[in-house]
Structure formats: C-alpha cells, structure tokens
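Asks: Counting from 1, one number per residue, gives the positions in the sequence shown under the UniProt record's numbering.
Idealized CB from N, CA, C, for every residue including glycine.
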Amino acid sequence: MLRLTTPVHLWKAHLVPLTRRCYTTDVAAKSPLEGVRVLELGQLIAGPFCGSILGYYGADVIKVEPPNNVGDPLRTWRYMDKDGTSPWFRSLGRNKKSVCIDLRTEKGRSIVKQLAEESDVLIENFKPGTMEKWGLGPDDLYAKNPKLIYTRISGYGQTGPYSKKPGFASVCEGMGGFRYVNGHPGQAPVRPNLSLGDSLAGMHAALGVLLGLIARNKVPKQESGQVVDVAIYESVLNMMESIVPEYDRAGMVRQPAGTTVTGVVPTNTYPCKNGDYVIIGGNGDSIYKRLMVAIGREDLTGPKYETNTHRVAAQEEIDGAIGEWTSKHTPDEVLDTLASVSVPAGKIYSAQDIVEDEHINARGMIETIQVGTKEEGRGWDVKMPGMSPVLHSTPGKTRWAGPDLGEHTYDILGNYLGLSRSELEKLSSEGVISGKK
1 MLRLTTPVHL WKAHLVPLTR RCYTTDVAAK SPLEGVRVLE LGQLIAGPFC
51 GSILGYYGAD VIKVEPPNNV GDPLRTWRYM DKDGTSPWFR SLGRNKKSVC
101 IDLRTEKGRS IVKQLAEESD VLIENFKPGT MEKWGLGPDD LYAKNPKLIY
151 TRISGYGQTG PYSKKPGFAS VCEGMGGFRY VNGHPGQAPV RPNLSLGDSL
201 AGMHAALGVL LGLIARNKVP KQESGQVVDV AIYESVLNMM ESIVPEYDRA
251 GMVRQPAGTT VTGVVPTNTY PCKNGDYVII GGNGDSIYKR LMVAIGREDL
301 TGPKYETNTH RVAAQEEIDG AIGEWTSKHT PDEVLDTLAS VSVPAGKIYS
351 AQDIVEDEHI NARGMIETIQ VGTKEEGRGW DVKMPGMSPV LHSTPGKTRW
401 AGPDLGEHTY DILGNYLGLS RSELEKLSSE GVISGKK
C-alpha cells in the first residue's frame, strides 16, 4: 500500500487551486505522457480520438495526412469555418503536429517507417491488412523498434472470420448490441446523433496504449512492445452491462425501453409545463421515498414499493405519477424541489447549455483556443471540450488547436529525421510530401 510520507494537512497546503480543472503543486508539473512520441496514421474519428487523448496528457503526437490538399477527411466534415477547416478538426486535432506524406509511394512509406522507428506508439485505423501491404505492419517495424506499442483500430479486430470486412461504427454499434436495445419498443432501432462506436474505440485504444506502456516498463528485455488490437464492435460490447450473462443464465434478451432503462424504476425522462423535459433518477430505495413525499404521493410508498423489484412491477403507475407532477411545473421548479430533498435530477443540455453552464466552466471543461494569428491575416477563438479525467497533480491541457494541413512537415522531417532542405524540396517536387515551408 502506498502511503503519504507527509501529513495530509501539510501536503494539501502545497496545492494551489487553479481556475482550470485541477489542482497542481507550486512546482511546475510535468504532463503524465511527456516524452512519449506517438505516430498517428489514423483518419476520421476512432484513431484520431485516441491520439487526441494521448496528446492532451502530454504525448508528442505526429499526425500523418495525405498530401492531397484535403488531408484527413474530417477537416471538411460538417460545418466549415472561414478558412475551410471544420472546427471539429480543430478540436480532434488539438496538440498534434501535421505532416503530409503520401503512403501510396515507396519513398513516403520509407519516411513513415523511419518515423515509426523513432516513436513509442503507432496508431492506425486502416482496413486490416493495409499496413502489411505497405510494408508497415508490426513485424516490419519491430525489426528496428521492438519497443513500439502498435495500436490498431478496426471494425472487427485483426483476427477472426469477420476481420477483413469493412466496418464503420454505425454497423459495429449494431453488432455490439447497442442498436438493439436503443430505441422504442416496436419501432426501428435508433442511432444517437453522433458516432458513439468510434469514440468508444478511441478511448479503448488509448487505454490499450497506456497498458502497453506500463507493461513495457515491466519487461526486462529489449523486445517489450506489443500490438494493441481494438475492435469497434468490442468497444461497444464492453458497455453493454448485463445483457450477455442475463441471456446465458435466464434466456432474457434485453429489449428497447424508450426513455427508461429495463429493470430500474424510477429513472426516466418526464415532461414539464413549458414543453421541456427533465431526467429524474429516483431508483434508490431511500431516494424513491423522498421523491414520492416531494411530489405529494406518499401513497406510493410502503411495503408494496419498498425495493426496486417491487417498483419494477409498478413502473407504469410510478412513472405516471411522476409525469403528472412534473407536467404542472417548469424544469427549474422541478429541479429546485427535488434538489431540496436530494433527489438526482437534471435538464437535458443542448450545446448552448453546455457552453454556458457555470459548473462545466468552473471545472474547466470548456476551453477557448486560438486558431491562427492576426499576423497571418486571420485569428479567432474556438471553444472545445476539455478532456476527462481530471488529474490534480499532472493535468492535461489543450496547448494548441488542430494544425493547418502539413503545418509541421518540414520541421518534423528536418529535425526528427535529419533531412536537409534540399532533400525536402526534392520530395515535395515529387509529390511525396507537402506542407508549409
């Protein structure tokens, strides 16, 4: 067991509260991943989200993009800012250095191989077999860099009968079970209006990278790297709670439940007077009693409603009573009443609500980052969410917004690989690389 060698009250005295989302010591704190070099070959969401997480906590992330004046397709997805780049990319590409290299060329692949030889981590989310076809598979790179944490994200994983199938998150959310339970009974399965599977895969990949780095430090030999194999469908399956053991032991197949959750009562979305909704989680035994007293329905307490099992049998009656009460009040009135008796409840936040909320801002979860400079003839701020978890002593942060396409090509290839200016110009003229000079 780890023990503090300094009394807690003295240790806390050295903590300096920040307006950001952390505490840190009065000595400049290093980021937890400082000194870790990451080579990101991924595009769109899953691979880049993994890179974003690692970069937020201090890793040096080099993002390789194709030199086609487009780069990562995410740069032009959804709303595009005045410079033609999506604010989404400015967020997902934060803390990264953009290098444009054509992987379709032998020289481009040779450059990437050299970068991989100087990296701790590689992230890729191409279709399985693509990296091997390019001569950039694990066996190719471990010959020169046996300590590399080779991180792979795909729809179905690198092995198994489905491994070669193309797999976007939308499809993998179905295979992972999420789409089956998400929706209303008797209606078509519902997709959340975001790519949940991709983000989950990126988080699992980041976890895999950290586990690989920890394991590498424990292995007393040179060949201590390993492959981190992340499947999108498995990342979804990991969050599916009890559906598999319940099916195995009782033959139960979890069905869609609309705005509630199967087997937990009451937890639901309830209508308010002005057409808005609130979420109320009154499913603890003592919480439920306080909720019923607060809404004037003490008749729904007692032995018949004592436990969750009892309440599940009376779900329609209970939800009806709560909804009848909330519909007579505004969301603020509902929340004030329930807060006074410590019943968990909240509004359903839009993007505007998130950006303006005092608690979210107090936690530092909305960061304002500058894009470009006035000297360049541009320059504006973009808000983006901070990342979790909050590390009190070694906090993460956004140091810069997602870079312009190829912004760091010459710098990285010159300083990291020692390529001369004339060599870089030749590679550029051949279409192997591109970027700001």
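So, at 6 Å on beta carbons, what are the nonlocal neighbours of threonine 337 in its own chain, with the 5 sequence-adjacent residues on each side left out?
Replies: Closer than 6 Å at Cβ, skipping near neighbours: Ala294.
Asks: How is proline 403 classed by DSSP in three states: helix, strand or coil?
Replies: coil
Asks: By Cβ distance below 6 Å, which residues in the same chain neighbour tyrosine 305 in space, the five residues on each side in sequence not counted?
Replies: Arg311
Asks: Go ahead and pull the three-state DSSP assignment for valine 355.
Replies: helix
Asks: Give me the residue from Gly71, Ser119, Leu194 with the minimum Cα distance to glycine 406.
Replies: Out of Gly71, Ser119, Leu194, Gly71 has the C-alpha closest to the C-alpha of glycine 406.
Asks: Whole-angstrom Cβ separation of lysine 63 and glycine 93, contact assumed at under 8 Å?
Replies: 7 Å
Asks: If you follow the alpha helix (DSSP H) that isoleucine 348 is in, where does it begin and where does it stop?
Replies: Here isoleucine 348 belongs to no alpha helix (DSSP H), and DSSP marks it neither H nor E.
Asks: Counting only the same chain and skipping the five closest in sequence on each side, list residues whose C-beta sits under 8 Å from that of serine 340.
Replies: Take serine 340, set aside five residues on each side of it, and the residues of its chain with a beta-carbon closer than 8 Å to its own are Ala294, in chain order.
Asks: Should the region 249-263 be regarded as contacting the region 165-183, the criterion being three or more beta carbon pairs within less than 8 Å?
Replies: yes
Asks: Determine whether the beta carbon atoms of glutamate 367 and glycine 386 lie at a separation below 7 Å.
Replies: yes
Asks: Note down, in chain order, each residue of its chain lying with its Cβ closer than 7 Å to the Cβ of leucine 33, except the 5 sequence neighbours on either side.
Replies: Leu54, Tyr57, Gly58, Ala59
Asks: Where in the region 134-165 do unbroken runs of the beta strand (DSSP E), each at least 3 residues long, occur, reported from the N-terminal end onward?
Replies: 149-154
Asks: Buried or exposed, going by whether 16 or more other CB atoms sit within 10 Å of the CB of proline 161?
Replies: exposed
Asks: Give the list of continuous alpha helix (DSSP H) stretches no shorter than 4 residues that lie fully inside the region 175-230.
Replies: 178-181, 196-218
Asks: Which class does leucine 39 belong to by DSSP, given the choice of helix, strand or coil?
Replies: strand
Asks: Can you check whether the CB of arginine 216 is closer than 7 Å to the CB of lysine 147?
Replies: yes
Asks: Check each candidate in Ser31, Arg152, Ala143 and name the one with the smallest Cα separation from glutamate 40.
Replies: Sorting Ser31, Arg152, Ala143 by C-alpha distance to the C-alpha of glutamate 40 places Arg152 at the top.
Asks: Is methionine 239 buried or exposed, if buried means 16 or more other CB atoms sit within 10 Å of its CB?
Replies: That one is exposed.
Asks: Whole angstroms are fine: how far does the CA of tyrosine 150 sit from the CA of tyrosine 225?
Replies: Note that residue 225 corresponds to glycine in the displayed sequence, not to tyrosine. Cα to Cα, the separation comes out at about 8 Å.
Asks: In chain order, what residues of the same chain have a beta carbon less than 8 Å from the beta carbon of lysine 127, not counting five sequence neighbours either side?
Replies: Ser154, Lys164, Pro166
Asks: Beta-carbon within less than 8 Å of isoleucine 360's beta-carbon, same chain only, minus the 5 sequence neighbours each way: which residues are those?
Replies: Ile354, Ile366
Asks: Within 10 angstroms of the Cβ of isoleucine 348, are there 16 or more other Cβ atoms? Answer buried if so, exposed if not.
Replies: exposed
Asks: Which one of Asp81, Leu103, Glu124 has the shortest CA to CA distance from arginine 378?
Replies: Asp81
Asks: So if DSSP puts isoleucine 280 in a beta bridge, which residue, or which two residues, is it bridged to?
Replies: Looking at the DSSP assignment, isoleucine 280 forms a beta bridge with Asn268, Ala345.
Asks: Taking the straight line between their C-alpha atoms, what separation do you get for isoleucine 369 and glutamate 423?
Replies: 35 Å
Asks: Are the beta-carbon atoms of alanine 250 and valine 230 separated by less than 7 Å?
Replies: no
Asks: For tryptophan 325, which residues of its own chain have a beta-carbon under 6 Å away from its beta-carbon, when the five flanking residues on both sides are left out?
Replies: Ile295
Asks: How big is the Cα-Cα spacing for glycine 284 and alanine 321?
Replies: So the two alpha carbons sit approximately 17 Å from each other.
Asks: Flag this pair as yes or no: are the beta carbons of tyrosine 247 and glycine 176 separated by less than 7 Å?
Replies: no
Asks: CB-CB under 6 Å to serine 235, same chain, minus the five flanking residues each way: which ones, in chain order?
Replies: Once the five neighbours on either side are set aside, the close Cβ partners of serine 235 are Leu200, Ala201, His204.
Asks: Tell me which residues share the same chain as valine 190 and place their Cβ nearer than 6 Å to its Cβ, disregarding the 5 neighbours each side in the sequence.
Replies: Asn182, Gly183
Asks: Can you grab the Cα-Cα spacing for the pair tyrosine 23 / leucine 207, in whole Å?
Replies: Low local confidence applies: a pLDDT of 44 at tyrosine 23 is under 50, so the model's placement there is unreliable, with the coordinate-based value given in what follows. Rounded to the nearest angstrom, the two C-alpha atoms are 23 Å apart.
Asks: Between the Cα of alanine 351 and those of Met384, Ser31, Pro331, spot the shortest distance and give me the residue it belongs to.
Replies: Met384
Asks: Apart from the five residues just before and just after methionine 292, which ones in its own chain have a Cβ nearer than 7 Å to its Cβ?
Replies: Glu298, Leu300, Thr301
Asks: With a Cβ-Cβ cutoff of 7 Å, do lysine 344 and glycine 402 count as a contact?
Replies: Note that residue 344 corresponds to proline in the displayed sequence, not to lysine. Cβ atoms of proline 344 and glycine 402: not closer than 7 Å.
Asks: Can you tell me where the beta strand (DSSP E) holding isoleucine 369 begins and where it ends?
Replies: 366-371
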